[in-house]
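Under this note's numbering, think of the first position of the sequence shown as 424, with each following residue one higher. Structure first, commentary second.
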Amino acid sequence: MTECGEIPDYHGPHTQPLKPGHTKLNWYEPSNRVQRVRVVLHTCQCRHTVYELCSAAGQGSIRRTDHEKGTVHETAWALTATARSTFHRILQGEAW
Ligand SMILES: [Zn+2]
424 MTECGEIPDY
434 HGPHTQPLKP
444 GHTKLNWYEP
454 SNRVQRVRVV
464 LHTCQCRHTV
474 YELCSAAGQG
484 SIRRTDHEKG
494 TVHETAWALT
504 ATARSTFHRI
514 LQGEAW
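Listed below in C-alpha cells is the structure:
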C-alpha cells in the first residue's frame, strides 16, 4: 500500500474521491476522556487531511486532522469493529 515513499510510519493509504451518495459523518471536538489512545491505522500524511483509526479500552473512533486549517475532530466513540468499518468507508470515499 505504500504509494509514495519508504517511511512506513509516515505513509499510509490514500482516501478515494468521495462517491455520490456518501454518508455524512458527525464530527466533534476531540474529547480528552480517553487517556490512552492507540492509533491503529492512519491515512497518508502527504495529504493535508489525515484520518486515524484510534482505539482505546475496546472502543474506537476516527480522528480527522486538517493540517491546512489546523483543526482536529473525531467521530463518536463506538465499538472497535464499527469504527474500523467507518474508517474503511472513509478510505473508499463512502463516508466523509
Ligand atoms: Zn501519500
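We put the beta carbon where it would ideally sit given N, CA and C, even for glycine.
Using a Cβ-Cβ distance cut-off of 8 Å, the stretch 451-468 and the stretch 489-506 are in contact, since at least three pairs of beta carbons, one from each stretch, lie closer than that value. Taking a contact as a CB-CB distance under 8 Å, the pair Thr446 and Ala506 does not count as one, their CB atoms being some 14 Å apart.
In the DSSP assignment, His511 falls outside any beta strand (DSSP E) and lies within the alpha helix (DSSP H) extending over 503-514.
One thing to note: Gly516 has its Cβ no nearer than 8 Å to the Cβ of Gln468. Assignment of Cys467 by DSSP, reduced to helix, strand and coil, places it in the coil class. Take Thr472, set aside five residues on each side of it, and the residues of its chain with a beta-carbon closer than 6 Å to its own are Asp489, in chain order. Note on geometry: alpha-carbon atoms of His465 and Ala504 lie some 16 Å from one another.
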